Structures are given as C-alpha cells and as structure tokens.
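For the sequence shown, counting from 1, position 40 maps to 876 in our numbering; every step adds exactly one.
Data block below; observations after.
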Amino acid sequence: MFESFGFEETTAKEASVLLAALIGLAFGVLAQRTRFCFRRSLVGEDRRQALGIWLTALALAVIGTQAAVTAGLINFDAHRFMVSEVPLLAIAVGGLLFGAGMVLTRGCISRLTVLTGGGNLRAALVVLVFAVVAHATLKGVLA
C-alpha cells in the first residue's frame, strides 16, 4: 500500500523533516481552530475552556515524554537542562521577562506563530524577535 509513496528511498533525515512538517501542520490547524494560547487561558472572556485545553495539552506532553523515557525511546541524561547546578536566579528572571513579553505582545509564541501563518505582520515581527533572542540565549551573547 505504501509502496506508491516512494518511502523506501527516504533517508532518516528526510523522514524526520517530513514527520516534523506533518506534526507542525496538524498543530497549526488545531491551534488555529481552538485559538490555543497560554495567555488566553489566564486572561480572556472564555478562559475556563481555554485553560482546560491548555492543561490537557500539558498533561499529554508530560505523560507522553515520561512514557517515551520509560520505554527507552529517548534519553535526557546528557541534556543541558539536566545539570547539577541549576541557575535559579536566571530561571526566575527569564520567566518574568518571558511572561512580560507574552503580555506585551498579547499572546504566547505558539499563538503568534499561528497568527503569522495567517498574515499578521505584528505577530511576524514578534516571532522574528523571539527567534533572535532565543538563539542568543542558547548559543549567543545571553548564553
């Protein structure tokens, strides 16, 4: 059945990109229809329903990740977040700045990414600034 798709010549990298694109497309469609946003679950007229959607997504992510770790599919032993010395001040300041940015831009980054796909230029600028600052935080001047 799948022979007509030509997947037998696909490399692991190509398969990963294809799977990521399909998951991203599915997330985009669902996020657009449900207006998925963490900020909206805290501030908004229909916050109870939005909070339920957000908490369900969080629970599924945590349970899925723990199941994958338990099954041995993924390993976080060498991950940068699994260090013995946790920079508590940096985490607190970063969280406050992230939250302030979320309030100032009127949305979380997932919602702003969906809005960018819909043609919102304000959201596109925010996503661009977010990407630059995230890169600077992980590998650049803020690392």
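We put the CB at the ideal spot given by N, CA and C, even for glycine.
Model, not experiment: these values are computed from the prediction.
Please state whether the Cβ-Cβ distance between residue i and residue j is less than 9 angstroms.
i	j	result
ILE927	MET938	no
LEU948	VAL962	yes
GLN868	VAL950	yes
Rounding to the nearest angstrom, what Cα-Cα distance links residue i and residue j in this structure?
i	j	result
GLY888	LEU866	15 angstroms
HIS971	GLY943	20 angstroms
LEU933	PHE863	26 angstroms
GLY954	TRP890	21 angstroms
ARG871	THR846	35 angstroms
THR892	PHE874	12 angstroms
PHE917	LEU858	27 angstroms
VAL929	GLY935	10 angstroms
ARG958	SER877	21 angstroms
LEU925	GLU844	50 angstroms
GLY976	GLY908	32 angstroms
PHE912	THR906	11 angstroms
PHE966	ALA903	31 angstroms
LEU894	ASP882	19 angstroms
THR793	HIS915	Since the first and last residues shown for the chain are 837 and 979, residue 793 lies out of range.
VAL968	ILE899	31 angstroms
ILE910	LEU964	30 angstroms
LEU861	VAL919	33 angstroms
PRO923	LEU978	14 angstroms
Residue range of the alpha helix (DSSP H) that residue i falls in?
i	result
HIS915	First-last for HIS915: undefined, no H or E at that position.
ALA928	924–940
ARG958	957–975
PHE872	Here PHE872 belongs to no alpha helix (DSSP H), and DSSP marks it neither H nor E.
LEU891	883–906
THR846	Premise fails: THR846 is in no alpha helix (DSSP H) and is neither H nor E.
LEU951	945–953
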